[in-house]
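First up is the structure itself, then whatever we jot down about it.
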Amino acid sequence: MIATGQPVSRSHRLRRRLRHGDVPFRLLAATFAFVVVALLVAIVGVAWDGSAAAREAFGLRFLTRTAWNPVAGEFGALPAIYGTIVSSAIALLLAAPPGIMIGIFLSDLSPARLRGPLSLMVELLAAIPSVVYGMWGIFVFIPFFRGAIAEPVSRALGDTVPFLAGPVTVGRGLLVAGIILAIMILPTIAAVSRDVLSVVPTHQREALLALGATRWEVIRHALLPYARAGIVGGMMLGLGRALGETMAATMVIGNTPRIDPSLFQPATTAASLIASQLPTTNTELHSSALVYLALVLFLITLLANSIARLLVWRVAGAAGGRR
Amino acid sequence: MATTPPTAPAIRMPPTSEAHLVLEGLTLRYGARIAVAPTTLTIPRHRVTAIIGPSGAGKSTLLRALNRLHETVPGAGVDGRVLLDGEDIYGLGVDPILLRRRVGMVFQQPNPLLTRSIAENVSIGLELVGMPRRERAATVEWALRRAALWDEVRDRLDHPATSLSGGQQQRLCIARTLAVRPEVILMDEPASALDPIATSRIEDLIRELASEFTVVIVTHNMQQAARIADYTVFMTPNEDGAGEVVEAGPTEEIFTAPHNQRTEDYITGRFG
Numbered sequence: 001m002i003a004t005g006q007p008v009s010r011s012h013r014l015r016r017r018l019r020h021g022d023v024p025f026r027l028l029a030a031t032f033a034f035v036v037v038a039l040l041v042a043i044v045g046v047a048w049d050g051s052a053a054a055r056e057a058f059g060l061r062f063l064t065r066t067a068w069n070p071v072a073g074e075f076g077a078l079p080a081i082y083g084t085i086v087s088s089a090i091a092l093l094l095a096a097p098p099g100i101m102i103g104i105f106l107s108d109l110s111p112a113r114l115r116g117p118l119s120l121m122v123e124l125l126a127a128i129p130s131v132v133y134g135m136w137g138i139f140v141f142i143p144f145f146r147g148a149i150a151e152p153v154s155r156a157l158g159d160t161v162p163f164l165a166g167p168v169t170v171g172r173g174l175l176v177a178g179i180i181l182a183i184m185i186l187p188t189i190a191a192v193s194r195d196v197l198s199v200v201p202t203h204q205r206e207a208l209l210a211l212g213a214t215r216w217e218v219i220r221h222a223l224l225p226y227a228r229a230g231i232v233g234g235m236m237l238g239l240g241r242a243l244g245e246t247m248a249a250t251m252v253i254g255n256t257p258r259i260d261p262s263l264f265q266p267a268t269t270a271a272s273l274i275a276s277q278l279p280t281t282n283t284e285l286h287s288s289a290l291v292y293l294a295l296v297l298f299l300i301t302l303l304a305n306s307i308a309r310l311l312v313w314r315v316a317g318a319a320g321g322r323r
Numbered sequence: 001m002a003t004t005p006p007t008a009p010a011i012r013m014p015p016t017s018e019a020h021l022v023l024e025g026l027t028l029r030y031g032a033r034i035a036v037a038p039t040t041l042t043i044p045r046h047r048v049t050a051i052i053g054p055s056g057a058g059k060s061t062l063l064r065a066l067n068r069l070h071e072t073v074p075g076a077g078v079d080g081r082v083l084l085d086g087e088d089i090y091g092l093g094v095d096p097i098l099l100r101r102r103v104g105m106v107f108q109q110p111n112p113l114l115t116r117s118i119a120e121n122v123s124i125g126l127e128l129v130g131m132p133r134r135e136r137a138a139t140v141e142w143a144l145r146r147a148a149l150w151d152e153v154r155d156r157l158d159h160p161a162t163s164l165s166g167g168q169q170q171r172l173c174i175a176r177t178l179a180v181r182p183e184v185i186l187m188d189e190p191a192s193a194l195d196p197i198a199t200s201r202i203e204d205l206i207r208e209l210a211s212e213f214t215v216v217i218v219t220h221n222m223q224q225a226a227r228i229a230d231y232t233v234f235m236t237p238n239e240d241g242a243g244e245v246v247e248a249g250p251t252e253e254i255f256t257a258p259h260n261q262r263t264e265d266y267i268t269g270r271f272g
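Just so you know, the protein sequences line up as chains R and U, in that order. Taking the working numbering, the leading residue of the first sequence gets 1, the next gets one more, and so forth. Taking the working numbering, the leading residue of the second sequence gets 1, the next gets one more, and so forth.
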């Protein structure tokens, strides 16, 4: 037994703590933790500084201007903000239902033998580099999408529904980007859903089973309500990923800073506009506008992630606060 | 020396004609491990039958086989028969969903649905059987009255179930079970998480329920069994670690004149 009530001199205690690495370890860990804060401050600082010329020229009107013309020195962020939000919203809409269902299957329906391999596959989906998704989009998905979906749909409905208006030219556009992004955020939503569903206590499941509930009724009445906030948190994490995704979006969205109601038309996102134009800027205002756009994108993703965190914390709090 | 050999099971339960449930060679497994050795037993109608015994005697496992909840555990296996009013619940074509509406269960830990209100917790079973919403209120009130909870919650039926105390939550779970009007109510140590006052209220309630329902209760508390049970079943692990019924019969006999040496050792506190 370690002597607890023994009187020990202060210097002895200090030596002991030093020898056991208590103090040095704490200092080291704290240093790294603060490096993260410093990095964040530095990045925001650089973005703030780099966007000075554009901020001076356009101010907050930058957010509502639609023109993006490097030659004329006209820059507005609205088309990029629109493209970012719409493509991410499409991605979330398409990825959430299957993602949640994959989570339900993995946590509750899958045979035990399949659970491990399937979970691994879902996580592998998240490990595919985004440039590969982009390539797959260009070589496989867009040719299929243009011929099998975009052209017939826009011919049939394009005149009445402005969202689906043609003509479909290259096939790149908002909807394609949304679909590719959906595939990319699917594993995030599936994995978080699986995790929050599998921590629903057994007694909640058995409460319903013992009343004669079917599997589906157990899922509907016990699992989903209990895990709801966590699932929404997973969706928001996926949304955060879609908002900031650069490479795949750049490759398939068409990179046209224009707001067109049709989802079949080329558009751009903030990230892809920056990635495609930053290497070829000639004027200070142009590069400054791109940095300003980066600042805006950072704020959008920060907002989405904060909401996600808040929701996930609420679940954890509710589960932990229960007696 | 005991008058009977200590290993011979002494079963003195009522005849099959008075039984609501009949266990015939019921054997329960988890994978290859036998959790409950072949058990043959009658459980009388509209009586309280307590299952007592040390930890690991397979009491809960046996109880969970009576509403086929045992088989929801991965690897669980069942042999033998359980007759409910003469019909084998493990027979071909028996739907465990329908069985569980006839054989309700109350768990050790009060488990109200955390995301639902007091009234919704009672009516959830009615929702499952498809009773229209406006018809549910009367049954909810009946069940809450029957569970001796109505007076405490009548003014806050829409409050979350988690706003109740542990003892109230357990009575809420009993009301939830009663609402679907089962014939048999299984209780797995329903008072073990509660304080003495809440425990005593649950025990009074169980005695009352016996007028209308067949109650099977697992308890590790011998005094509780002595207080509330008409019949008592004593289980203990055998040398292979499988639980087996050593003695069963009228509660008074079990506690005052046990036939089996192991029962006597247990109730006099010499082991377990």
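Beta carbons: idealized from backbone N, C-alpha and C, even for Gly. Note that the coordinates shown come from a computational prediction; the quantities given were computed from them, not determined experimentally.
Q | CA nearest to the CA of R:Gly178, picked from R:Arg19, R:Gly83, R:Ala30 | A | R:Gly83
Q | Counted within 10 angstroms of its Cβ, other Cβ atoms place U:His159 as buried (16 or more) or exposed | A | exposed
Q: With a threshold of 16 other CB atoms inside 10 Å of the CB of U:Gly290, please say whether the residue is buried or exposed.
A: The structure shown does not extend to residue 290 of chain U, since chain U is modelled only from 1 through 272, so no value can be given for it.
**Q.** Simplified DSSP state of R:Asn305, which is helix, strand or coil
**A.** helix
Q | Distance between beta carbons of U:Thr16 and U:Ala35, contact taken as under 8 Å | A | Actually they are not in contact, since the Cβ atoms of U:Ala35 and U:Thr16 sit about 25 Å apart, beyond 8 Å.
Q) Between which two residues does the alpha helix (DSSP H) containing U:Pro38 stretch? A) Where U:Pro38 is concerned, there is no enclosing alpha helix (DSSP H), although the beta strand (DSSP E) it sits in stretches over 33-44.
Q. With R:Ala80 and R:Ala270 assumed to form a contact (beta carbons below 8 Å), what rounded beta-carbon distance in angstroms separates them?
A. 4 Å
**Q.** Nearest-angstrom Cα separation, counted from R:Ser107 out to R:Val200
**A.** 10 Å
Q: Starting from U:Ile124, find everything on chain R with Cβ-Cβ shorter than 8 Å and list it in chain order.
A: Leu208, Leu211, His221
Q) Applying a beta-carbon distance threshold of less than 7 Å, which residues of chain R neighbour U:Met105? A) Ala210
Q | Coarse secondary structure for R:Asn282, derived from DSSP in three states | A | coil
Q) Which residue or residues does DSSP assign as beta-bridge partners of U:Glu24? A) U:Arg81
Q. What do you reckon, are the CB atoms on R:Gly171 and R:Phe139 nearer than 8 Å?
A. no
Q.
Against R:Pro117, what residues of chain U qualify as contacts under a CB-to-CB distance less than 7 Å, listed in chain order?
A. Result: empty, since nearest Cβ-Cβ is about 17 Å, beyond 7 Å.
Q. Bridge partners of U:Thr250, per DSSP?
A. What sits at residue 250 of chain U in the sequence shown is Pro, not Thr. BP columns for U:Pro250 point to U:Tyr231.
Q) How is U:Leu209 classed by DSSP in three states: helix, strand or coil? A) helix
Q. To which residues does DSSP link U:Ser117 through a beta bridge?
A. U:Pro160
Q. For U:Gln223 and chain C, any beta-carbon pair shorter than 8 Å?
A. This model lacks chain C altogether, as its protein chains are R and U.
Q: Taking only heavy atoms of the ligand NAD into account, decide whether any of them is closer than 7 Å to the Cβ of U:Ile267.
A: Inclusion of the ligand NAD in the displayed structure is not the case, the ligand content being empty and no account of it being possible.
Q: To the nearest angstrom, report how far apart R:Ile183 and R:Arg220 are at their CA atoms.
A: 25 Å
Q. Under 8 Å between C-beta atoms, does U:Thr263 make it to chain R?
A. no
Q | Cβ pair R:Ile307, R:Met236 closer than 8 Å | A | yes
Q: Return yes when the Cβ of U:Ala57 is within less than 8 Å of the Cβ of U:Leu28, no when it is not.
A: no
Q. With burial defined as no fewer than 16 other Cβ atoms inside 10 Å of the residue's Cβ, what is the status of R:Ala96: buried or exposed?
A. buried
Q | U:Val106 (DSSP reduced to helix, strand or coil) | A | strand
Q: Run down chain R in chain order and give the residues with a C-beta less than 7 Å from the C-beta of U:Ile97.
A: Gly212, Thr214
Q: For U:Val180, return the contacting residues in chain R, with the cut-off set at a CB-CB distance below 8 Å.
A: Leu211, Gly212
Q) Excluding five sequence neighbours on each side, which residues of the same chain lie with their C-beta closer than 7 Å to the C-beta of U:Phe255? A) Ala226, Ile267
Q: Using three-state DSSP, classify R:Phe75 as helix, strand or coil.
A: strand
Q: With DSSP as the reference, please indicate the residues paired to U:Gly243 in a beta bridge.
A: U:Val36, U:Pro237
Q: Answer with yes or no whether the minimum CB distance from R:Met1 to chain U is below 8 Å.
A: Per-residue confidence for R:Met1 stands at a pLDDT of 46, beneath the threshold of 50, marking its modelled position as unreliable; the derived number appears in the next sentence. Chain U contact via Cβ: absent.
Q. What is the rounded straight-line gap between the Cα of R:Ala319 and the Cα of U:Ala193?
A. Caution applies to R:Ala319, whose pLDDT of 47 falls short of 50 and renders its modelled position unreliable; the model cannot decide the point.
Q | Amino acids of chain U, ordered along the chain, whose beta-carbon sits closer than 7 Å to that of R:Pro225 | A | Thr115
Q: Run down chain R in chain order and give the residues with a C-beta less than 9 Å from the C-beta of U:Leu69.
A: Glu206, Leu209, Ala210
Q) Using the C-alpha atoms, what's the distance from U:Asp79 back to R:Leu208? A) 25 Å
**Q.** Contacts of R:Ala177 in chain U (Cβ-Cβ under 8 Å)
**A.** The contacting residues do not exist; R:Ala177 stays about 37 Å from chain U at best.
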